[in-house]
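Using my numbering, the letters of the sequence shown correspond one by one to residues 74 to 201.
The C-beta atom is built at its ideal place from N, Cα and C for all residues, glycine as well.
What follows is one structure encoded as structure tokens, with my remarks underneath.
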Amino acid sequence: MKRRFALVTFVLPAMLAMGSVAWAQTATPTAPNNSGINVRDRNAGAMTAGQQSNRTSDVNLTRQIRRAVEKDNTLSTVAHNVKIVSMNGRVTLRGPVKTEQEKAAIGSKAQMFAGRDNVDNQLEVETQ
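Printed below as a string of structure tokens:
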């Protein structure tokens with residue numbers, strides 16, 4: 074009786090766990106859905122948030138654009154979280170948005186503060 078109890082209590086769960094691990098290791102890995110973005114971001118010319126200038130004028134420019142984006146209640150939460158990077162008065166917008174209208178609205182807000190020729194709108198419309 075004790076032997077059966079030990080078998081059911083310890084051995085059987087251990088065998089099930091080992092089988093689960095073996096199954097998990099043989100599962101086919103899937104590529105993350107942002108692989109293309111990761112490759113793009115490795116490009117030395119791509120502006121990233123880590124490259125934000127600490128110059129007062131650039132910090133203020135980024136702050137003004139961010140406030141304008143955050144105040145716009147028509148934008149989605151995704152759009153409110155786009156990356157805004159300013160360097161030497163030039164603004165780069167990056168990240169996902171839900172629609173073309175959001176992309177245009179954020180680009181327009183950035184142009185209001187930085188000027189039409191000083192905005193690089195790299196926002197990407199999410200595909201469903």
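Verify whether the separation of the beta carbon atoms of residue i and residue j is less than 8 angstroms.
i, j, result
"GLU199", "LYS171", "yes"
"GLU160", "ASP193", "A quick correction: the sequence has Met, not Glu, at residue 160. Against a cut-off of 8 angstroms, the Cβ pair of ASP193 and MET160 comes out as no contact."
"GLN195", "ARG163", "no"
"LEU134", "ALA187", "yes"
"VAL158", "PRO169", "no"
What is the rounded straight-line gap between the Cα of residue i and the Cα of residue j?
i, j, result
"GLU143", "HIS153", "6 angstroms"
"GLN125", "ARG140", "17 angstroms"
"MET185", "ASP145", "14 angstroms"
"ARG136", "THR147", "19 angstroms"
Measure the beta-carbon distance from residue i to residue j and round it to whole angstroms, keeping in mind my assumption that it falls under 8 angstroms.
i, j, result
"GLU175", "SER149", "6 angstroms"
For this session: Give, in chain order, every unbroken run of the beta strand (DSSP E) that is at least 3 residues long and sits entirely within the stretch 128-190.
Result: 156-160 and 163-170
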